[in-house]
Amino acid sequence: GIQVEQSPPDLILQEGANSTLRCNFSDSVNNLQWFHQNPWGQLINLFYIPSGTKQNGRLSATTVATERYSLLYISSSQTTDSGVYFCAVERWAGGTSYGKLTFGQGTILTVHP
Amino acid sequence: DAGVTQSPTHLIKTRGQHVTLRCSPISGHKSVSWYQQVLGQGPQFIFQYYEKEERGRGNFPDRFSARQFPNYSSELNVNALLLGDSALYLCASSPPVGRGGYTFGSGTRLTVV
Chain A
1078 GIQVEQSPPD
1088 LILQEGANST
1098 LRCNFSDSVN
1108 NLQWFHQNPW
1118 GQLINLFYIP
1128 SGTKQNGRLS
1138 ATTVATERYS
1148 LLYISSSQTT
1158 DSGVYFCAVE
1168 RWAGGTSYGK
1178 LTFGQGTILT
1188 VHP
Chain B
21 DAGVTQSPTH
31 LIKTRGQHVT
41 LRCSPISGHK
51 SVSWYQQVLG
61 QGPQFIFQYY
71 EKEERGRGNF
81 PDRFSARQFP
91 NYSSELNVNA
101 LLLGDSALYL
111 CASSPPVGRG
121 GYTFGSGTRL
131 TVV
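One line per chain: the protein sequences are A and B, in this order.
Residue 1078 is where the first sequence starts when you use our numbering, and the numbers rise one by one after that.
Residue 21 is where the second sequence starts when you use our numbering, and the numbers rise one by one after that.
What follows is the structure, encoded as structure tokens:
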């Protein structure tokens, strides 16, 4: 199956700092998503980005599908950005989705005031 | 619009018992997937159901089963509970292929004692 590697595993920032999280995947994919998991366990979808670049406020993401990586940028970080960030990918079979997202191990982000 | 709803939010069971977890997808989504997340790891795929049929299954024992109802809601059943089944169980729904990513519910936190 597809392997997903995220880096760094842990990241500690001061409020206001910028950061870049990376996701490498081992095969071509049809779906790539970035999630933020809050302390209560809720997985919040940040981006659906199988290719290209998207921005949403202080967050942006870029996926270079041909080189099998994606980047999540967080600018002017806030304490509420703390939590675990997951990259997840899906590869379809025969044009059909089988619902299997493969997650990386996550990046634990801690933002101090 | 209501998101993905899961019930119950927390559950404590004894080894050997069985448990039923419930999920209602976003209105208009016909696909429901189930994931297990143990502490410190990314979610692991258990099942996908689409139009009431199992379409995908992860590497989980036969003690795990699921079904989907005509209104697209779903149940996950786990028999003969083991201590190792203690985890956060997440449900996700998704739109038709290529029209967006997965949206997750808040999860059910199962503790087996």
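The beta-carbon is built from N, C-alpha and C at its ideal position, and this holds for glycine as well.
What you are looking at is a predicted structure, and each value in this text was computed from that prediction instead of being measured.
Q. Looking at residue 86(B) and residue 54(B), is the spacing between their C-beta atoms short of 8 Å?
A. Taking the second sequence and counting its residues from 1, one reaches residue 54(B) at position 34. Taking the second sequence and counting its residues from 1, one reaches residue 86(B) at position 66. Taking the C-beta atoms as reference points, residue 86(B) is found nearer than 8 Å to residue 54(B).
Q) Checking contacts by CB at 8 Å: is residue 1175(A) closer than that to chain B? A) Here residue 1175(A) refers to the residue found at position 98 of the first sequence. Residue contact with chain B for residue 1175(A): present (Cβ-Cβ distance below 8 Å to some residue of chain B).
Q: Answer yes or no: does any C-beta atom of chain A fall closer than 8 Å to that of residue 42(B)?
A: One-based indexing of the second sequence puts residue 42(B) at position 22. The beta carbon of residue 42(B) does not come within 8 Å of any beta carbon belonging to chain A, so the residue lies off that interface.
Q | Range of the contiguous beta strand (DSSP E) that encloses residue 1087(A) | A | Numbered from its first residue, the first sequence carries residue 1087(A) at position 10. Start and end: 1087-1091.
**Q.** Proximal residues, the segment 1153-1164 of chain A versus chain B, C-beta separation under 8 Å
**A.** If the cut-off is 8 Å between Cβ atoms, the segment 1153-1164 of chain A has 1163 near chain B.
Q.
Along the chain, where does the beta strand (DSSP E) containing residue 57(B) start, and where does it finish?
A. Against the second sequence, residue 57(B) aligns to sequence position 37. Where residue 57(B) is concerned, the enclosing beta strand (DSSP E) starts and stops at 51-57.
Q) With C-beta atoms as the reference, is residue 123(B) less than 8 Å away from residue 112(B)? A) Within the second sequence, residue 123(B) is the residue found at index 103, counting from 1. Within the second sequence, residue 112(B) is the residue found at index 92, counting from 1. Residue 112(B) is positioned such that its CB atom lies closer than 8 Å to that of residue 123(B).
Q: Could you tell me which residues DSSP pairs with residue 1141(A) in its beta bridges?
A: Your numbering for residue 1141(A) matches position 64 in the first sequence. In the DSSP output, where bridge partners are listed per residue, residue 1141(A) has 1146(A).
Q) Among 1088(A), 1123(A) and 1080(A), which residue has its Cα nearest to the Cα of residue 1106(A)? A) Within the first sequence, residue 1106(A) is the residue found at index 29, counting from 1. Measuring C-alpha to C-alpha distances from residue 1106(A) to each of 1088(A), 1123(A) and 1080(A) identifies 1080(A) as the nearest.
(Q) Pop quiz: residue 1087(A) and residue 1185(A) are said to be a contact at Cβ under 8 Å. What is the actual Cβ separation, rounded to whole angstroms? (A) As a first step, residue 1087(A) must be located in the first sequence, where it is residue number 10. As a first step, residue 1185(A) must be located in the first sequence, where it is residue number 108. Contact annotation, residue 1087(A) with residue 1185(A): C-beta distance approximately 5 Å; criterion of less than 8 Å satisfied.
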